[in-house]
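Okay, so here's the structure we're looking at.
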Amino acid sequence: MLEMVKVILKVLARGLPEHWGCSPNVFDELTINPSAPLRLLHYAPQPVKHDNQFGVGDHTDFGNVSVLLQEEDTEGLEVFYPPTETWVPVPVKEHSYVINMGDMMQKWTAGYYRSARHRVVNHNVRPRYSAPFFLNGNLDLKCRALDGSGVETVIGEHIRQRLMETIGGEAGRKLGL
40 MLEMVKVILK VLARGLPEHW GCSPNVFDEL TINPSAPLRL LHYAPQPVKH
90 DNQFGVGDHT DFGNVSVLLQ EEDTEGLEVF YPPTETWVPV PVKEHSYVIN
140 MGDMMQKWTA GYYRSARHRV VNHNVRPRYS APFFLNGNLD LKCRALDGSG
190 VETVIGEHIR QRLMETIGGE AGRKLGL
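With the numbering used here, letter number 20 in the sequence shown gets 59, and the count goes up by one each step, no holes.
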């Protein structure tokens, strides 16, 4: 999975504005000793539709790039579309992945690549399975927005801060955050 993400990072680097002067290797340091968890997720069936029942609530991913493999015929992932303020279902396609930008990539690219706000609803009569891979990156890496704006951010500190915002309180302290 990491090798595939390295290719994705090269594509993202080539898509940056030319006047930023970024090398095609600008994201290479992310993949040196990276934090890159893979999760195996199960969502119980929810055959009765309730508007406030979610498998995973509204959120953005903390890191740089997320790659999601979904089981065929089990829709449920939705992405928020700001212009219309609506949730749009993400189709599940055979032999394909969903690629999301995370909060750190948005920060690093000064918003050029935006973190995708998303959620999971499982209005299916059978369980839903997915396998997301999160490239947070090298947690010791210091980065500044590639357009020259912003302040320097250490990836590990950014991830920790986002975890505290999300988990916080007693649960966060128990996890050593």
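Each residue gets a CB set at the ideal place from its N, CA and C atoms; glycine is no exception.
- In the displayed model, residue 45 falls within a helix according to three-state DSSP.
- Within its own chain, the residues whose Cβ lies closer than 6 Å to the Cβ of residue 45, once the five positions on either side in sequence are excluded, are 70, listed in chain order.
- Listed in chain order, the beta strand (DSSP E) runs fully inside the region 120-179 are 125-128, 137-140, 157-159, 167-174, counting runs of at least 3 residues.
- Between residue 129 and residue 114, the alpha-carbon positions lie close to 7 Å from each other.
- DSSP places residue 202 in the uninterrupted alpha helix (DSSP H) bounded by 194-205.
- Per DSSP, residue 104 is one residue of the beta strand (DSSP E) stretching across 104-109.
- Distance check between residue 112 and each of 118, 135, 60, 188 places 135 closest, using alpha-carbon atoms only.
- Bridge partners of residue 117 according to DSSP: 128, 158.
- The C-beta distance from residue 169 to residue 110 rounds to 7 Å, short enough to meet the 8 Å contact threshold.
- The shortest C-alpha to C-alpha distance from residue 84 to any of 186, 182, 164, 187 is the one to 164.
- Here the alpha carbon of residue 203 sits roughly 32 Å from the alpha carbon of residue 50.
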